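Sequential numbering from 1053 applies to the sequence shown in the working numbering.
Built from N, CA and C at the ideal position, the CB exists for glycine as well.
Note that the structure is a prediction, hence the values are computed from the model and not measured.
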Amino acid sequence: MHAKIISKCLILFAAISLTIGCSVSIDGSNYQSQQPTFDLETFFNGKVIAWGIVQDRSGELVQRFVVDIDGRIENDKLILDETFDYGLGDGPVKRIWTLSKNANGIYTGNASDIAGPATGTSYGNAFNFVYEMDLDVDGSTYRVNFDDWFWAFDDKQMMNRSYIKKFGIVMAEVTIFMQKQ
């Protein structure tokens, strides 16, 4: 009897450990004093070229892509006109973000395929952007959470790491390198 209880406890402990191990948590305050300071509006005002990959939970590469970003400031809003090319022969995918900086320094953003407003916070050389999105995967749609982290290398180059989560568990990761033109 005790062996069954211990066995069940060990299985539960292992399941909880795996779930915790699959979760990512980054503390933005670690980047407050890092240089160079990342300025979202300065970096994205103009043309930016980006390229990246998507990896599944096991780390396997599932997609490669290139993104052309045309950014501009319009009526105190940052507009990001993104064109994704996944190289699949089915044409480009478009997304247009509209971002506003609030009085408290936090950004809010919207795009047609984003569920509700996105929020973004600056931390020195980093920027964190979180939002929900309905993501199409093999003909099924899933509501997922994006936890995007941007880190400036200098005023022309940046890296973005996105953690795509469902039920708090990282299901996929996106790595993007961006270069201001």
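Check: Identify, in the order they occur along the chain, each residue of the same chain with its Cβ nearer than 6 Å to the Cβ of threonine 1193, setting aside the five sequence neighbours on each side.; Outcome: Asp1186
Check: Secondary structure at leucine 1140, three-state DSSP: helix, strand or coil?; Outcome: coil
Check: Checking 8 Å against the spacing of the C-beta atoms, do glycine 1098 and lysine 1232 come in under that value?; Outcome: yes
Check: Touching or not, the stretch 1134 to 1146 and the stretch 1168 to 1181, by the rule of three or more beta carbon pairs under 8 Å?; Outcome: no
Check: Note down the Cα distance separating phenylalanine 1229 from tryptophan 1103, rounded to an integer number of angstroms.; Outcome: 6 Å
Check: When you compare only the Cα positions, how much space is there between aspartate 1122 and methionine 1210?; Outcome: 16 Å
Check: Looking at the structure shown, is phenylalanine 1096 part of a helix, part of a strand, or coil, going by DSSP?; Outcome: helix
Check: Hey, how far is the Cα of glycine 1139 from the Cα of aspartate 1091?; Outcome: 31 Å
Check: Is alanine 1102 close to chain B, meaning its C-beta is less than 8 Å from at least one C-beta of that chain?; Outcome: This model lacks chain B altogether, as it is built from one protein chain only.
Check: Residue range of the beta strand (DSSP E) that serine 1214 falls in?; Outcome: 1209 to 1218
Check: Output the distance between the C-alpha atoms of aspartate 1108 and threonine 1227, rounded to the nearest integer angstrom.; Outcome: 12 Å
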